[in-house]
Amino acid sequence: MTDRSLLQPRTVTEAIARQREIARRVVCDDAHGPVRRVAGVDVGFPGGGTKGRAAIAVLEFPSLALSETAVAEAEVNFPYVPGLLSFRELPVVLQALERLSSPPDLLLVDGQGWAHPRRCGIACHLGVLTDLPSIGVAKSRLVGTHDPVPQERGAWVPLRDGDEIIGAVLRTRVGVHPVYVSIGHRVSLARAVDWVMACTTRYRLPETTRAAHALASGTAKKRGAGRGA
DNA sequence: GCGACAG
DNA sequence: ATCTTGTCGC
597 MTDRSLLQPR
607 TVTEAIARQR
617 EIARRVVCDD
627 AHGPVRRVAG
637 VDVGFPGGGT
647 KGRAAIAVLE
657 FPSLALSETA
667 VAEAEVNFPY
677 VPGLLSFREL
687 PVVLQALERL
697 SSPPDLLLVD
707 GQGWAHPRRC
717 GIACHLGVLT
727 DLPSIGVAKS
737 RLVGTHDPVP
747 QERGAWVPLR
757 DGDEIIGAVL
767 RTRVGVHPVY
777 VSIGHRVSLA
787 RAVDWVMACT
797 TRYRLPETTR
807 AAHALASGTA
817 KKRGAGRGA
């Protein structure tokens, strides 16, 4: 049984302490097996209420064909506080993850990983709790500074916080805002960038993220499953 | 004291 | 994150 305080802290002070512990457990190199199933992870709040809907979209790699999906809904108590996002979204995400037939080989999470004030964004938190390889792909910056990103697709510049490189600002497409990539768990930054590019085709965001977002927000297509219990 | 601030 | 029509550009 997992330590509940790592998921349900009673106070902000405790939440911050738990983040520091989790950050220490993050594995920063490529310690994982072959990747055949890549999953996109996202949480939406249809209607703007307090009911969160987590969605996991598993794609085959490298074809990126949709393989399996899982969705879970739950009342969310923890408010959105910059820097504490994972305590708000992870509970329902873990529920969705449990509904998959088997664990994915790699997770691409919608949000920061190591590029966090305490190096514990939602991608690190989820990766450490499940011990699954994970990468954070965020649409905007939380912390860190960086130089302009070259226009070429695939170009990236380091995201820095003081003297440390905490992530990569990556141009997934020409003419669109770059995305913020950082390691979550068991993946190096250089490879994380490679994985994100390998999962990105014709849009700004990886296909994994897009598929998960469609399910979480209710914009998903029709056909087959996608629900659960 | 004044901004900044993943989703 | 969510609320929202039209509109500018390729």
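Numbering-wise, the first sequence is residues 597 to 825 according to the numbering used here.
The beta carbon of each residue, even a glycine, is placed where N, CA and C say it ideally should be.
Please report the straight-line C-alpha distance between glutamate 610 and glutamine 747, rounded to a whole angstrom.
42 Å
Is it right to say proline 802 is buried, meaning 16 or more other beta carbons lie within 10 angstroms of its own, or is it exposed?
buried
Alpha-carbon to alpha-carbon, proline 774 and valine 724:
26 Å
Please list the terminal residues of the continuous beta strand (DSSP E) segment that includes aspartate 638.
633-640
Between which two residues does the alpha helix (DSSP H) holding aspartate 790 run?
785-794
Give me the Cβ distance between leucine 704 and threonine 804, rounded to the nearest whole Å; I'm assuming they're in contact under 8 Å.
5 Å
So, does the segment 711-721 touch the segment 609-627, judging by three or more C-beta pairs under 8 Å?
In the pairwise beta carbon analysis, the segment 711-721 is classified as touching the segment 609-627: at least three pairs are separated by under 8 Å.
Cut-off 8 Å between Cβ atoms - residues of its own chain near tyrosine 676, not counting five sequence neighbours on either side
Arg684
For arginine 806, which of helix, strand or coil comes out of DSSP?
helix
Reducing DSSP to helix, strand and coil, say where glutamate 760 ends up.
strand
Would you please state the rounded distance, in angstroms, between the beta carbons of proline 678 and alanine 794? I believe it to be under 8 Å.
The pair is not a contact, with the Cβ atoms about 30 Å apart (cut-off 8 Å).
DSSP on valine 608, reduced to helix/strand/coil?
In this structure, DSSP gives valine 608 a helical state, which the three-state scheme calls helix.
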